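Some notes on the structure that comes next.
In my numbering, the protein residues as written are 31 to 168.
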C-alpha cells in the first residue's frame with residue numbers, strides 16, 4: 031500500500047480504492063435495479079465503473095456531446111443527470127426500438143482517371159507511351 035503523510039494526515043491509496051469500489055458497486059447495483067441497458071456519459075468513466083458496468087451487462091458510451099445527450103433525453107423521456115449520486119431514485123428513459131449496428135468504412139480506391147503524380151525517369155516513357163523526344167507509332 032502506498033501511503034502519504036503531510037502535516038500528520040495519512041492517506042492510504044488502498045483505502046481510497048476500496049471506497050471507490052464500494053461506491054461504484056452501489057451505483058451500478060442501482061442502475062441494474064432500474065433495468066438500465068445503456069448508459070451515455072459526456073466525459074470519461076473510471077476503470078472500476080467500466081468493469082462493474084460490464085459485469086452487469088450495461089452498455090457504456092463515453093464522451094457523448096452534451097447537446098446530443100439532451101436530445102436523446104428529450105426523445106427517451108428522461109433527464110440528463112450530472113452525477114452518479116443522482117442515480118438513486120432516478121427515472122430512466124425508454125426507447126421504443128434500439129438496434130446495434132456495425133458499420134465498416136472503406137476508404138475509396140484511387141481513381142483511374144487521376145493517376146498518382148510521379149516524375150518520369152530521364153529518357154524513359156512519358157504518359158503518352160512514346161519515348162522522350164520520339165514519336166508514337168501509329
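We treat Cβ as the ideally placed atom computed from N, Cα and C, and that holds for glycine. Note that this is a predicted model, so its numbers are computed, not measured.
Distance between residue j and residue i (C-alpha atoms, nearest Å)
i, j, result
"residue 73", "residue 97", "13 Å"
"residue 154", "residue 139", "Any reading at residue 154 needs caution, since the residue's pLDDT is 47, under 50, leaving its predicted position unreliable; the model's value is listed next. Their backbone Cα atoms lie some 27 Å apart in a straight line."
"residue 106", "residue 121", "11 Å"
"residue 112", "residue 44", "27 Å"
"residue 49", "residue 114", "15 Å"
"residue 110", "residue 61", "14 Å"
"residue 52", "residue 84", "16 Å"
"residue 42", "residue 137", "51 Å"
"residue 99", "residue 134", "25 Å"
Closest Cα partner of residue i within the set the options
i, options, result
"residue 46", "78, 71, 69, 65", "78"
"residue 64", "54, 100, 88, 52", "88"
"residue 92", "59, 113, 69", "69"
"residue 126", "54, 67, 48", "67"
Short Cβ contact (8 Å threshold) for residue i with residue j
i, j, result
"residue 123", "residue 103", "yes"
"residue 57", "residue 117", "yes"
"residue 90", "residue 82", "no"
Which of helix, strand or coil DSSP assigns to residue i
i, result
"residue 103", "helix"
"residue 110", "coil"
"residue 89", "strand"
"residue 118", "coil"
"residue 43", "helix"
"residue 70", "strand"
"residue 84", "helix"
"residue 64", "coil"
The ligand GDP heavy atom lying under 7 Å from the CB of residue i
i, result
"residue 51", "This structure lacks the ligand GDP; in fact it carries no ligand of any kind."
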